[in-house]
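Residue numbers (UniProt numbering): 1 to 168.
Here it is, written out as structure tokens:
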């Protein structure tokens, strides 16, 4: 029974792309755990807490993405060997400087945001409002986390674009 009232053939691209996102989030989650465990230096307290916050959020999203795939009538990919094949996010050694860790995470955010926008396109074509709603919220949250990590990596003398501000 098609309780979603969406054509199965239109849902298949959504499910395929959600599985890529699931793979991305699993690698991202593990990267965050590694960074959390291995952070050293003067920024330890800030980043140790931030990485934990981010991996707890990723853990929730992993479950929600898998459950969305199930809701759409498919089994989610659930083996790490498959995640490694599907993911656009790559494994890295957690043994790096704090600024490098943040740079790697911002790069992952870019890849994940690209993947989310691909999902939105397919979900829109399928009329899959549930996936659109879920992914739209994820985009908003990841963009905010990206802004915060990017702001952390800046110098206090840096400025954002001021072209919209009129001088008095």
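Just so it is clear, CB atoms sit at the ideal spot from N, CA and C, and this is done for glycine as well. Fair warning: this is a prediction, and the values are worked out from it, not measured in the lab.
For residue 11, the nearest candidate out of 128, 135, 137 and 156 (CA to CA): If we check each option's Cα against that of residue 11, 128 comes out closest.
Helix, strand or coil at residue 1 according to DSSP, with G and I counted as helix: Bear in mind that a pLDDT of 46 at residue 1, under 50, signals an unreliable position, so the model cannot answer this.
8 Å Cβ shell around residue 171 - same chain, five flanking residues per side excluded: Since the first residue shown for the chain is 1 and the last is 168, residue 171 is missing from the structure and cannot be characterised.
Distance CB(residue 54)-CB(residue 145) smaller than 8 Å: Cβ atoms of residue 54 and residue 145: closer than 8 Å.
Enclosing alpha helix (DSSP H) for residue 150 [first to last residue]: Residues 129 to 152.
Through-space distance from residue 67 to residue 78, alpha-carbon basis: About 12 Å.
Cutoff 8 Å: residue 150 Cβ touching any chain C Cβ: No chain C is part of this structure, which consists of one protein chain only.
Contact set for residue 30: own chain, Cβ-Cβ below 8 Å, skip 5 residues either direction: Apart from the 5 residues on each side of it in sequence, residue 30 sits with its Cβ closer than 8 Å to the Cβ of 91 in its chain, given in chain order.
Buried versus exposed, by CB contacts within 10 Å (16 or more), residue 101: The residue is buried, with at least 16 neighbouring Cβ atoms inside 10 Å.
Cβ distance (whole Å) where residue 113 is taken to contact residue 139 below 8 Å: About 6 Å; that satisfies the 8 Å criterion.
Under 8 Å between C-beta atoms of residue 22 and residue 62: Pairing residue 22 with residue 62 gives a Cβ-Cβ distance under 8 Å.
Residue 89 in three-state terms, based on DSSP: Secondary structure at residue 89: coil, using DSSP grouped into helix, strand and coil.
Residue 48 versus residue 134 - alpha carbon distance: Distance between the alpha carbons of residue 48 and residue 134: 28 Å.
Exposure label - residue 26; buried when at least 16 CB within 10 Å: Label assigned to residue 26: buried.
Identity of the residue in 32, 147 and 118 nearest residue 136 by Cα: The shortest C-alpha separation from residue 136 is found at 118.
Where residue 143 falls, given that 16 or more other Cβ within 10 Å makes a residue buried: Counting Cβ neighbours within 10 Å, residue 143 comes out exposed, since fewer than 16 surround it.
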